[in-house]
Amino acid sequence: MSLGLQAALALFPIALGGVLLIGFRIAAKHAMPAAYVAAVAVGFLVWQMSPSRVVAASIEGLFITFDLLFIIFGAILLLHTLERSGGVAAIKRSFDGVSDDRRVQIVIVAWLFGSFIEGAAGFGTPAAVAAPLLVALGFPAATSVMLGMMIQ
């Protein structure tokens, strides 16, 4: 089997998930199991993986997922704690005091603060923390989310 065909088959479950989510607008709770079944089928049929290896890889994937969820949950918990304690307002005042120029605020919050959070926690937490701060500074929600994703 050619290397190109192997690469295409390896990408098939990822592409299937993307097409189901974006193209057909199927909920993730339905699209991701379909992508998982496709990955298992490719593993069995193309790479002749044993059932024990498929089970082991699936369990490893669950452990990695739980690690990531704990980190992201911690970031969201931090954000809610900051909101309830007034910390977001204090941070907003601090960022407002640095510059009235909106472009400078974007650079400070999205790139500097976002990079700091990425270094401290990683795994998408800058988008979860920086985007609400940008909204608190008065930026549109869509712009804030887009900037939060750009700093990943």
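Going by my numbering, the first residue of the sequence shown is number 4, and it counts up by one from there. Backbone N, C-alpha and C define an ideal beta-carbon position, used for all residues, glycine too.
Asked, Found
"Take PHE119 as the anchor and find which of GLN108, ALA133, PRO54, VAL107 has the nearest alpha-carbon.", "ALA133"
"My assumption, with CB atoms under 8 Å, is that VAL91 sits in contact with ALA42. Please give the rounded CB distance.", "Not quite, the Cβ-Cβ distance comes to about 40 Å (not below 8 Å), so this is no contact."
"Give every residue of the same chain whose Cβ lies closer than 8 Å to the Cβ of GLU121, excluding the five residues on either side of it in the sequence, and list them in chain order.", "THR128, PRO129, ILE154, GLN155"
"Are the beta-carbon atoms of ALA38 and LEU19 separated by less than 7 Å?", "yes"
"Inspect the beta-carbon positions of LEU82 and VAL112 and report whether they are closer than 7 Å.", "no"
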